[in-house]
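Worksheet: one structure, shown below.
Number of protein chains: 2
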Amino acid sequence: MNEPHTRPDDRRTALAEHLRPELFRALCDSNRLTLVARLATASRPLTVTEASTCCGVHLSGVSRHLSMLRDAGVLKATKQGREVRYELDCDALAGALRELADALDACRAVCCAQTEETGT
Amino acid sequence: MNEPHTRPDDRRTALAEHLRPELFRALCDSNRLTLVARLATASRPLTVTEASTCCGVHLSGVSRHLSMLRDAGVLKATKQGREVRYELDCDALAGALRELADALDACRAVCCAQTEETGT
DNA sequence: AAAATACTTGCATAGTTCCGCAAACATGCT
DNA sequence: AGCATGTTTGCGGAACTATGCAAGTATTTT
């Protein structure tokens, strides 16, 4: 059931795959979080102009925020004519968060199973 | 089974409680993530000096990084004599991540259940 | 008490981020 | 083609962040 042969370095590498800085970078700004919350509770994809009404930031700034969130995999964008509709990529985001939580728990499980680690 | 009476604003407020900027702020720096990975794979709490060996940052910077992660609820600190031992607060971090994932899914579930939302 | 050890904090600096504005770009309409 | 609409991008400035160094605090050792 457990895998006592994984070394600390291996586990750290496995965890590091889930600790993507650009995901947290995208989510570390409160205006971007407001946009995420807005899109999460919208019943359909929103245009940049629509999304921009939820935070007191100039449209150009909102455009930058949204594309940053898209690049981080948080949002999906679809171009329809001259509009761009953004929606939350719920599977990707919730999935990434759960995978990270699982990876953290897995580290603990292994750490508790084995006795000690020699210093780095 | 479902709760069709929750309004978008309410759901957004509920989600916003889990979208804590300071958590993501703490996790958005790659050196801090390296420290988190190091602590996650350690079999016991590490001192500031021990932790500082995993990233090429001056001890004083590591001290600041660790206390920032502690303030965000990612790490737990215990003072033992003149040493401070930091360990990952796995329950808190993994729990926060899963709660956020659940809150995101809950938004989607409600959004899909009801037909449309009037513009903000 | 003095010295050593572990950590924290003040300060200056270099780099980064966020922002609004204006211009550019892309698409649709007449 | 010309104009309107929606979005993106270049630019400069203000604010913020990470960092190393040096000085400071707290605790243990001698």
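So the sequence lines, in the order shown, correspond to chains G and Z. Per my numbering, the very first residue in the first sequence carries number -5; after that it's consecutive. Per my numbering, the very first residue in the second sequence carries number -5; after that it's consecutive. Just so it is clear, CB atoms sit at the ideal spot from N, CA and C, and this is done for glycine as well. As the structure is a computational prediction, the values presented were derived from the model and not from experiment.
| query | result |
| --- | --- |
| Just the C-alpha distance for G:Q74 and Z:E93, rounded to the nearest angstrom, thanks. | 34 Å |
| Is the CB of G:P39 under 8 Å away from at least one CB in chain Z? | no |
| So if DSSP puts G:L40 in a beta bridge, which residue, or which two residues, is it bridged to? | G:Y80 |
| Would you give the residue range spanned by the beta strand (DSSP E) that Z:L69 belongs to? | L69 to Q74 |
| Counting only beta-carbon separations shorter than 8 Å, does G:A86 have a partner in chain Z? | no |
| Check whether the Cβ atoms of Z:L60 and Z:L29 lie closer than 8 Å to each other. | yes |
| Flag G:A10 as yes if its beta-carbon sits less than 8 Å from any beta-carbon of chain Z, otherwise no. | yes |
| Between which two residues does the alpha helix (DSSP H) containing G:H59 stretch? | L53 to D65 |
| Are any of the Cβ atoms in chain G nearer than 8 Å to that of Z:T72? | no |
| State yes or no: is the beta carbon of Z:A31 nearer than 8 Å to at least one beta carbon in chain G? | yes |
| Is it right to say G:A88 is buried, meaning 16 or more other beta carbons lie within 10 angstroms of its own, or is it exposed? | buried |
| Take G:T112 and list the residues in its own chain whose beta-carbon comes closer than 8 Å to its own, dropping the five residues that flank it on each side. | Annotation note: pLDDT 49 at G:T112 (below 50); position unreliable, no value reported. |
| For G:T35, which three-state DSSP category applies? | coil |
| Note down the Cα distance separating G:P39 from Z:A86, rounded to an integer number of angstroms. | 32 Å |
| With a cut-off of 8 Å, does the C-beta of G:D99 fall near any C-beta of chain Z? | yes |
| Could you name the residues of the same chain whose beta carbon sits closer than 6 Å to that of G:H12, not counting the 5 residues immediately before and after it, in chain order? | E93, L94 and A97 |
| Is the Cβ of G:C105 closer than 8 Å to any Cβ of chain Z? | yes |
| Quick check on G:G89: does DSSP put it in helix, strand or coil? | helix |
| Touching or not, the stretch 2 to 22 of chain G and the stretch 31 to 38 of chain Z, by the rule of three or more beta carbon pairs under 8 Å? | yes |
| Would G:A31 and Z:A10 be called neighbours here (beta carbons separated by less than 8 Å)? | yes |
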